[in-house]
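K.L.:
In order, the protein sequence lines correspond to chains A and B.
Residue numbers for the first sequence, in this note's numbering: 72 to 489.
Residue numbers for the second sequence, in this note's numbering: 265 to 382.
Beta carbons are placed, not taken as given, at the ideal position from N, Cα and C, and that holds for glycine.
All of these numbers come straight from a predicted model, not from anything done at the bench.
I'd like to ask some things about the structure below.
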Amino acid sequence: MELSEHLFRRESGRLVAALTRVFGVHNLALAEDVVQDAFCRALEVWKVRGIPDNPGGWLMAVAKHRALDIVRRERTARTFAPELTRALESEWTLAPAVEEAFALWTIRDEQLRMMFSCCDPRLPEEVQVALVLNVLCGFAAPEVAAAFLTSRSAMEKRISRGKKVLAQSTRLFDLADAEFPARLSAVRRGLYLLFNEGYHGASAEAAVRTELCAEAIRLTMLLVEAPETALPETLAMAALMYLHAAKLPTRLDAAGDLNPLVEQDRTQWDARLVEEGLALLDRSATGDVVSAFHVEAAIAAAHATARSVDETNWNAIVGLYDRLMSIAPSPIVALNRAIAVGQRDGPDEGIRSLHGIADVERLCRYPFYPAAIAEFERRRGNLDVARDQFSAAASLARSPVERRYLEARIRECGLLMM
Amino acid sequence: MSQFLYLYRMTDVARQENMGTPERAQQSMQRWMAWMQELDRKGHLKDRGQPLERTGKVVRGQDKTVTDGPFTEAKDLVGGFTLVEARDIDHAVELSRGCPILDGGGSVEVRPVMKMDM
C-alpha cells in the first residue's frame, strides 16, 4: 500500500472538525492533542506493519476511541460540546453521539462551521487566513510562515492569537445566525485571499503555491456543495478560482520564473479546470446581483477560452473592466483596464489610460505599474524609457520571482538597443 | 548470517516533534517505508516486528511490587522492534544507520540474538 500525498494534512482538518464536534471549540487544543497522538500511534504501527488499506479510516478509529476515553474519564471535570451535553452523559448515548460526530456529513458540516468561526471579524484578515490554513488544512505554523514569508515565531503568535478568539466560544458559528450573510462574505474574502496568496504569492516555491490554490479550491467547494452557502456569488468565486487555476501549469517556466501571458503555451492549460470553471460561471448567472466575482470570472473566462493573446476579445474585456470599475473601483482594476485598452487600441492609448488612472499614487509601491508603462514604451520603440521603467519596477519587486522576471525584461530592452 | 534485534528508542518529546504535525508525519512515514523496503529488498528483513504501547507495568523484587510503567528512569522508551539478518554485528550496525529514527533524535539499539548451535 502506497502512502497517498498529503494524507496526514487532509485527515488533520477532518479529524479536528469531528473532535471539535464532541469536545466543543473551547477545547480545540484538546482536539489537536488527540489528532497528534493519533498520528504518532499510526506511524508507530505502520512503520513496522505497513500502511493499512484504509489509512484515513484507521486514523479516524484511533481518534474516535481516544475521544470516547477522554469523555468517559473527564466528563465530570470538564464541559464538552454544549450541543451534546446530554448525549455524552449517558453510556447509552455516548458511543452513538461520538460515532455521529465522525460521520461523513457531520465532518463536512463542521468544517464549514469551522471556516465561518475562523473568519471572525474580530480578527484581522491575515490571522483569519492563517487559522484556516492551520486548523482546516493541517499546515503547521512553520509551513504557513514559509508561505507568507513571515518568521516562524511571528506566525506562531498570529495563530495562537486566532485560537484564543476561537476558544472564547463553546460552539462553532451557526449558519442560521443573523450574522450569516456578512460572515459568508468574510469567508469568501478569506478563501479568495488564500487563493491569491497561492497564485500571485511571494513564496518562491512553486509547489507550496499550488498547494495553497488547491486548498482554497477544496474549501470553496465545501461552500458550493452546501445549499446555504452555494449562492451565486460563491459560485462565481469558485468559477474564478478554477479558471485561474487552469493556467497554473504555465505561470512559471521550467526555471521557476514568471512566464508572461504572451509566452504561455496555452495547450498546457488544464482543459478540465477551464470546463469546470465555465460550468460554475454558468450556474452563477442567477439572481439579480452581479458581483465583482462574476465580472472577474467573466474576464478570466475570456482569457481562458482565447487561443492566443491576439485572438483575445479585448473589446469585451475592456467592457468588463468598466463594469468592474463601477462595482469595485480600485487603482489595480484601473491598471488592468488600461493594459486591456492598450491591447485593444495600441500602446499609445495604453499609456494614455495608465496616466489617467485616478489615485495613481496608491500604485507607487506596486511594481507592475511601472512595468506596464515599460511594456507599452517598449512596443512604441522607446527602449531607454522602457528600460528605466523596468528598472523602477525591479526596485519595487516583492519577491525573488518578481525581481528575476523584471530583470529579464531589463536585459531584453538592453539587447534590443544594441 | 546471524540475527539481530533492532530496538527503536525515542523520548516522548522527540516522538511528538517528529510525528505530531501532518507534514512531519508524512515525511517520517515516507522515510520509514523507503528504509524498510530497502532492508526487505536486500533480504535482511527477518521479521518486521511489532510496535509497543508506551505504557505498561513493571513487576519487581521478591515481594513482586507492581509499578506503573513506563520506566521513569529511562526517558527514551522502546517504541517497537524489528528482527534483521546480517553477517555480523558490524554489518547490522551499518544497516541500522539508514534508520529514519536517527534523524529525529531517537536511537536504534542493536542486539545480537544469542546463537543456540552448541
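Verify whether the separation of the beta carbon atoms of valine 116 (chain A) and alanine 138 (chain A) is less than 8 Å.
P.N.:
No, the Cβ-Cβ distance between valine 116 (chain A) and alanine 138 (chain A) is not below 8 Å.
K.L.:
Quick one: does alanine 289 (chain B) have its CB under 8 Å from some CB of chain A?
P.N.:
Taking Cβ atoms only, chain A reaches closer than 8 Å to alanine 289 (chain B), which makes this a yes.
K.L.:
Would you say glycine 284 (chain B) and cysteine 111 (chain A) are within 8 Å of each other, going by their C-beta atoms?
P.N.:
Taking 8 Å as the Cβ cut-off, glycine 284 (chain B) and cysteine 111 (chain A) qualify as a contacting pair.
K.L.:
Assess contact between the segment 301 to 317 of chain B and the segment 444 to 462 of chain A, defined as three or more Cβ pairs (one per stretch) separated by less than 8 Å. Is contact present?
P.N.:
Because the criterion of three Cβ pairs below 8 Å is not met, the segment 301 to 317 of chain B and the segment 444 to 462 of chain A do not touch.
K.L.:
To the nearest angstrom, how far is it from the Cα of tyrosine 313 (chain A) to the Cα of valine 361 (chain A)?
P.N.:
Using only the alpha carbons, I get a separation of about 19 Å.
K.L.:
Residues of chain B with CB under 9 Å from valine 119 (chain A), in chain order?
P.N.:
Within chain B, the residues near valine 119 (chain A) are Tyr272, Trp296, Met300, Arg312, Gly313, Gln314, Pro315, Gly344, Phe345, Thr346.
K.L.:
Serine 264 (chain A) to serine 224 (chain A), Cα distance in whole Å?
P.N.:
Note that residue 264 (chain A) is leucine in the sequence shown, not serine. Approximately 22 Å, taken between the alpha carbons.
K.L.:
Against chain B, with Cβ distances strictly below 8 Å, would arginine 144 (chain A) count as a contact?
P.N.:
No - not a single Cβ of chain B is within 8 Å of the one on arginine 144 (chain A).
K.L.:
Would valine 116 (chain A) pass as an interface residue toward chain B - the criterion being a Cβ-Cβ separation below 8 Å?
P.N.:
Answer yes: the Cβ-Cβ gap between valine 116 (chain A) and chain B drops below 8 Å somewhere.
K.L.:
Touch check for the segment 340 to 353 of chain A and the segment 304 to 312 of chain A: three-plus C-beta pairs under 8 Å?
P.N.:
In short, these stretches touch, since the Cβ pair count reaches three.
K.L.:
When the cut-off is 8 Å and only beta carbons count, does serine 83 (chain A) lie next to chain B?
P.N.:
Judged by the 8 Å Cβ criterion, serine 83 (chain A) is in contact with chain B.
K.L.:
What residues from the segment 194 to 218 of chain A come within 8 Å of chain B, judged by C-beta to C-beta, listed N to C?
P.N.:
Listed by position along the chain: Gly209, Phe210, Ala211, Glu214.
K.L.:
Return the residue from the list A:Lys318, A:Gly417, A:Ser397, A:Leu425 that minimises the CA-CA distance to glutamate 332 (chain A).
P.N.:
A small fix is needed here, since residue 332 (chain A) is leucine in this sequence, not glutamate. Considering only alpha carbons, the answer is A:Lys318.
K.L.:
Answer yes or no: do glycine 233 (chain A) and alanine 211 (chain A) have a C-beta to C-beta separation smaller than 8 Å?
P.N.:
Contact flag unset, no.
K.L.:
Would you call the CB atoms of glycine 84 (chain A) and glutamine 182 (chain A) closer than 8 Å?
P.N.:
Yes, the pair counts as a contact, with Cβ atoms nearer than the cut-off.
K.L.:
Grab me the residues of tyrosine 476 (chain A)'s own chain with a C-beta within less than 7 Å of its C-beta, minus the 5 sequence neighbours each way, in chain order.
P.N.:
For tyrosine 476 (chain A), where only same-chain residues beyond five positions count, the Cβ hits under 7 Å are Asp328, Leu329.
K.L.:
Of all the options A:Leu90, A:Arg378, A:Gly261, which has the alpha carbon lying nearest to the alpha carbon of cysteine 284 (chain A)?
P.N.:
Cα-wise, what sits closest to cysteine 284 (chain A) is A:Gly261.
K.L.:
Could you tell me the alpha carbon to alpha carbon distance between alanine 109 (chain A) and threonine 291 (chain A), rounded to whole angstroms?
P.N.:
Each residue's Cα considered, the two are about 28 Å apart.
K.L.:
Return yes when the Cβ of arginine 242 (chain A) is within less than 8 Å of the Cβ of alanine 168 (chain A), no when it is not.
P.N.:
No, these two residues do not count as a Cβ contact at 8 Å.
K.L.:
Is histidine 490 (chain A) close to chain B, meaning its C-beta is less than 8 Å from at least one C-beta of that chain?
P.N.:
What is shown of chain A runs 72 to 489, which leaves residue 490 (chain A) out entirely.
K.L.:
With DSSP collapsed to three states, give me the class of phenylalanine 447 (chain A).
P.N.:
In this structure, phenylalanine 447 (chain A) counts as helix in the three-state DSSP scheme.
K.L.:
Are tyrosine 272 (chain B) and glycine 370 (chain B) close, meaning C-beta to C-beta below 8 Å?
P.N.:
Their beta carbons are under 8 Å apart, which means tyrosine 272 (chain B) touches glycine 370 (chain B) by this criterion.
K.L.:
Pull the bridge partners of alanine 350 (chain B) from the DSSP assignment, please.
P.N.:
Paired residues: B:Ser266.
K.L.:
Which chain B residues sit within Cβ distance under 7 Å of cysteine 284 (chain A)?
P.N.:
Those within 7 Å of cysteine 284 (chain A) in chain B number zero; the least Cβ separation is about 18 Å.
K.L.:
Step through the CB atoms of chain B and report whether any lies within less than 8 Å of the CB of cysteine 484 (chain A).
P.N.:
Not closer than 8 Å to any Cβ of chain B, the Cβ of cysteine 484 (chain A) fails to qualify, so no.
K.L.:
Taking the alpha helix (DSSP H) that aspartate 104 (chain A) falls in, what are its first and last residues?
P.N.:
From DSSP, the alpha helix (DSSP H) with aspartate 104 (chain A) extends over 99 to 120.
K.L.:
Does the structure place the segment 428 to 436 of chain A close enough to the segment 401 to 416 of chain A that three or more beta carbon pairs sit under 8 Å?
P.N.:
With the cut-off at 8 Å, the segment 401 to 416 of chain A and the segment 428 to 436 of chain A touch.
K.L.:
Please classify methionine 185 (chain A): is it buried, with 16 or more other beta-carbons within 10 angstroms of its beta-carbon, or exposed?
P.N.:
With 16 or more Cβ atoms within 10 Å of its Cβ, methionine 185 (chain A) is classed as buried.
K.L.:
Along the chain, where does the alpha helix (DSSP H) containing aspartate 419 (chain A) start, and where does it finish?
P.N.:
Here the alpha helix (DSSP H) through aspartate 419 (chain A) covers 418 to 426.
K.L.:
Under 7 Å between beta-carbons, which chain B residues line up against arginine 498 (chain A)? List them in chain order, please.
P.N.:
This structure cannot speak to residue 498 (chain A), because chain A is shown only from 72 to 489.
K.L.:
Considering Cα atoms alone, identify which of A:Arg322, A:Asp353, A:Asn384 is closest to proline 303 (chain A).
P.N.:
Taking only the C-alpha atoms, the option nearest proline 303 (chain A) is A:Asp353.
K.L.:
Using a Cβ cut-off of 8 Å, pull out every chain A residue sitting near arginine 371 (chain B), in sequence order please.
P.N.:
Per the sequence presented here, residue 371 (chain B) reads as serine, with arginine not at that position. Neighbours of serine 371 (chain B) on chain A: none; closest Cβ ~15 Å, over 8 Å.
K.L.:
Counting pairs of Cβ atoms below 8 Å between the segment 379 to 396 of chain A and the segment 404 to 420 of chain A, do you hit three or more?
P.N.:
Taking 8 Å as the limit for Cβ pairs, the verdict is that the segment 404 to 420 of chain A does touch the segment 379 to 396 of chain A.
K.L.:
Confirm the yes/no value for this check: CB of alanine 168 (chain A), any heavy atom of the ligand FAD, distance under 7 Å.
P.N.:
The ligand content of the structure shown is nil, which means the ligand FAD is not present either.
K.L.:
Could you tell me the alpha carbon to alpha carbon distance between glutamate 281 (chain B) and valine 93 (chain A), rounded to whole angstroms?
P.N.:
Each residue's Cα considered, the two are about 26 Å apart.
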